[in-house]
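As structure tokens, the structure follows; a few thoughts come after it.
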Amino acid sequence: MSDTSRILVIDDEKNYLMVMQALLMDAGYEVTALNDPEMALHFLEESEVDVVITDMKMPRLSGKEVLQSVKKSWPDLPVLIMTAFGSIESAVEAMRYGAFDYITKPFANDEMLLSVHNAVELSKAHRQYKLLQESLEERYSTHQIIGRSKAIRDTLSIVDRVALSRSTVLVTGESGTGKELVARAIHFTSPRKEGPFVSVNCMAFNSGVLESELFGHEKGSFTGAVATRRGRFEQADHGTLFLDEIGELSMDLQVKLLRVLQERVFERVGGTESISVDIRVVAATNRDLAKMVEEGTFREDLFYRLNVVHIPIPPLRERREDIPLLVAHFGEKIAEDNGIPVKAFSSEAQNYLTGYDWPGNIRQLQNVLERCMVMVPGNIIGVEDLPPEIRGEESQFKSAVDLLPVELNLADTLDRIEAALIKRALVRADFVQAHAAELLGISRSLMQYKLKKYNITGH
Ligand SMILES: Nc1ncnc2c1ncn2[C@@H]1O[C@H](COP(=O)(O)OP(=O)(O)OP(=O)(O)O)[C@@H](O)[C@H]1O
Ligand SMILES: [Mg+2]
49 MSDTSRILVI
59 DDEKNYLMVM
69 QALLMDAGYE
79 VTALNDPEMA
89 LHFLEESEVD
99 VVITDMKMPR
109 LSGKEVLQSV
119 KKSWPDLPVL
129 IMTAFGSIES
139 AVEAMRYGAF
149 DYITKPFAND
159 EMLLSVHNAV
169 ELSKAHRQYK
179 LLQESLEERY
189 STHQIIGRSK
199 AIRDTLSIVD
209 RVALSRSTVL
219 VTGESGTGKE
229 LVARAIHFTS
239 PRKEGPFVSV
249 NCMAFNSGVL
259 ESELFGHEKG
269 SFTGAVATRR
279 GRFEQADHGT
289 LFLDEIGELS
299 MDLQVKLLRV
309 LQERVFERVG
319 GTESISVDIR
329 VVAATNRDLA
339 KMVEEGTFRE
349 DLFYRLNVVH
359 IPIPPLRERR
369 EDIPLLVAHF
379 GEKIAEDNGI
389 PVKAFSSEAQ
399 NYLTGYDWPG
409 NIRQLQNVLE
419 RCMVMVPGNI
429 IGVEDLPPEI
439 RGEESQFKSA
449 VDLLPVELNL
459 ADTLDRIEAA
469 LIKRALVRAD
479 FVQAHAAELL
489 GISRSLMQYK
499 LKKYNITGH
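First residue of the sequence shown? That's 49 in my numbering, and the numbers climb one at a time after it.
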């Protein structure tokens, strides 16, 4: 796109057209001058124009009609109206229909040019805004990672930074936290995005099968190897290989994987030819690999090879402020997928969703929402519609009396109630600790002490 702004001038009077064209071209604009408004509308369909200037009074199609057509198809395109001196009413009317400005003929050149200049600026601003919006949308649609917590923002910024490199990435987090989503985001924002994203679940196969799954095999290398087969490493050439549940890899395969990561070459099972591939590896696990290294079940050298860039994804209960966003996001998605209207949660039900600990993280949240949206007949989902585990015994929103199991002593019970109240205050305060402390009527330092004591994290 060139920097020159393009202007379309429409006037049935050829003399005026020529004057306008000359003036605007002198001012550095690219100008198309047409004396037939219908043709001008066709022209707009096919060309990119920044500003339209149209005469008001024309046979066949008036300036007002041109204005209306333009506003209908290109609401952001500024239109300037030219009216003959003395027909101010029609100019005022045109403004009401969304004209950007009007110029009365005969006009002073500099006034006309000033008005055009302003219209061009507006047009540019619109265009810039649109570009920004598109890039945001694109970013959102490639990532599909929803969240405003610091944890999620940090994750996205690591994804962006690591995407350009070929560094191996280790994604860790509890089950259902979004490890695979992050792996895909890395691939689809990287220069390899046109290449394949190949995923292998290391837990899904026994060690022997996994080896040929990863590296492929030569025909006849074992019973059942009736044909030569390319493994996932080869399939992922020029793309990304996602090794899920890497903590489940046998010691034997850990050695083999280490070699590929170091040398980027391998042989098919039963083969002698060295195959080299250009891949980026992203590995994921919900196990504590460092601890496995200590215990001697995971090779230390492989751990360091994988752990070049580490993306830890915290569980949902440590970033509760993301819950309302996820609820809204999945709510819309589920409604669309099932062809049902979006249903809202009552504010009390929302509180339960935000306060629940979500051991199954985002996947569990997704399932609960789907069940509620599909099963509840009305448009509002209330607390009574939530699954028992969410409004159940463990919920921090039950009344204090309900929380009193006979076998617990007073101190323990009061601690539980206190912890529950603190969590509730945090949710109400949108996770601003100072505000939550205020709601509870306690000092900030006491609040901090209690958060530590009950091991409560908001972010
Ligand atoms: N931040 C997020 N925004 C939107 N959707 C998310 C987010 N995180 C996870 N999801 C969705 O939650 C579901 C579970 O995510 P994913 O499969 O990536 O988790 P995982 O960590 O790989 O789980 P597991 O350990 O069980 O394999 C997917 O449907 C994913 O799209
Ligand atoms: Mg997964």
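Beta carbons: idealized from backbone N, C-alpha and C, even for Gly.
- Any heavy atom of ligand 2 counts here; residues with a Cβ closer than 7 Å to one of them, in chain order, are Lys227, Glu228, Asp292, Ala332.
- With a threshold of 16 other beta carbon atoms within 10 Å, His358 falls short and is exposed.
- As the crow flies, the alpha-carbon of Ser491 is around 18 Å from that of Ala468.
- Taking a contact as a CB-CB distance under 8 Å, the pair Val431 and Ala397 counts as one, their CB atoms being some 5 Å apart.
- Excluding residues up to 5 positions away in sequence, Tyr145 lie with their Cβ nearer than 7 Å to the Cβ of Gln116 in the same chain.
- Judged by DSSP secondary structure, Asp385 falls within the alpha helix (DSSP H) whose first and last residues are 371-386.
- Every beta strand (DSSP E) of 3 residues or more that sits fully in the segment 238-312 is shown, in chain order, as 245-249, 288-292.
- Linking Asp74 to Glu141 through their CA atoms gives a straight-line distance of about 31 Å.
- Judged by their CB atoms, Met340 and Gly295 are nearer to each other than the 9 Å cut-off.
- With 16 or more other Cβ atoms inside 10 Å of its own Cβ, Glu369 counts as buried.
- Of the residues assessed, Lys227 falls on the buried side of the cut-off, its CB having 16 or more other CB atoms within 10 angstroms.
- Relative to ligand 1, the beta carbon of Leu374 is positioned inside 8 Å of a heavy atom.
- The residue among Arg277, Ser197, Glu242 with its C-alpha nearest the C-alpha of Val257 is Arg277.
- With a cut-off of 8 Å, the C-beta of His377 is classified as near ligand 1, since at least one heavy atom of the ligand falls inside that distance.
- Not one heavy atom of ligand 1 lies closer than 8 Å to the C-beta of Thr152.
- When C-beta atoms of the segment 98-111 are compared with those of the segment 122-141, three or more pairs fall below 8 Å, so the two segments count as touching.
- Annotated as proximal: Asn409 and Pro363, with beta-carbon spacing under 9 Å.
- With contacts defined as CB atoms closer than 9 Å, Pro360 and Gly221 qualify as a contacting pair.
- In this structure, ligand 1 has no non-hydrogen atom nearer than 8 Å to the beta-carbon of Arg201.
- Distance check between Arg367 and each of Lys381, Leu474, Pro436 places Leu474 closest, using alpha-carbon atoms only.
- Proximity of the beta carbon of Ile490 to ligand 1 is not indicated: no heavy atom of the ligand is located closer than 8 Å.
- Checking the 8 Å criterion, the Cβ of Asn386 is out of range of every heavy atom belonging to ligand 1.
- Collapsing the DSSP output to three states places Asp103 in a strand.
- Within the same chain, Cβ atoms closer than 8 Å to the Cβ of Val164 are found at Ile55, Leu72, Ala75, Tyr77, Val99, Ile101, Leu128, the five residues on either side in sequence being excluded.
- If you draw a straight line from the Cα of Glu311 to the Cα of Thr320, it comes to about 16 Å.
- Arg476 is positioned such that its CB atom lies no closer than 9 Å to that of Leu458.
- Selection Gly287, Gln69, Gln283 evaluated against Val79 yields Gln69 as nearest (Cα-Cα).
- The way I'd put it, the segment 235-252 does touch the segment 208-220; three or more beta-carbon pairs between them come closer than 8 Å.
- Set against 8 Å, the gap from the CB of Arg196 to the closest heavy atom of ligand 1 is not smaller.
- For a cut-off of 8 Å, the C-beta gap from Gly318 to His235 is around 30 Å, too long to register as a contact.
- In terms of Cα proximity to Ala167, the closest of Asn334, Phe314, Val97 is Val97.
- Boundaries for Tyr502: no beta strand (DSSP E) harbours it, and the DSSP string shows neither H nor E there.
- Residue burial is scored here from C-beta neighbours: Met421 has at least 16 other C-beta atoms within 10 angstroms and is therefore classed as buried.
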